[in-house]
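**Student:**
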Amino acid sequence: MWSIVLMGLAGVLVGGALSFRQQHKPLWTQVGFYVLAGMALLAAYLLTLPGT
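Note that the numbering used here has the sequence shown beginning at 15, numbered continuously upward.
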C-alpha cells in the first residue's frame, strides 16, 4: 500500500519539477524535486522487498 502512495508522490514531484522548468525557476529547485522523486521511488522499491 505504501509503495503505491510513494509512487504517486514521485509522480507529483516530477510534475512539480517540470512545472518549475516551464516557469524558468532556478535549476536547484528542479534538481531538488527530481532528487526527492528518485528517493520516493527508491523507498517504494525497498518496501516491496521481502523482509528478513
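Don't be surprised by glycine CBs; every beta carbon is placed ideally from N, CA and C.
Just so it is clear, the structure is predicted and the values come from calculations on it, not from any experiment.
What are the boundary residues of the alpha helix (DSSP H) that Met21 is part of?
**Tutor:** Here the question's residue 21 lines up with position 7 in the sequence shown. Note, Met21: alpha helix (DSSP H), Trp16 to Gln36.
**Student:** Could you tell me which of Tyr48, Trp16, Ile18 and Arg35 sits nearest to Leu27, measuring between CA atoms?
**Tutor:** In the sequence shown, counting from the first residue as 1, residue 27 sits at position 13. The option with the nearest alpha carbon to Leu27 is Tyr48.
**Student:** Within the 9 Å Cβ cut-off, does Arg35 reach chain C?
**Tutor:** In summary, chain C is missing from the structure at hand, where a single protein chain is found.
**Student:** I need the DSSP call for Gly65, collapsed to helix, strand or coil.
**Tutor:** Reading the sequence shown from its first residue, position 51 is the one you call residue 65. Gly65: coil per DSSP, three-state reduction.
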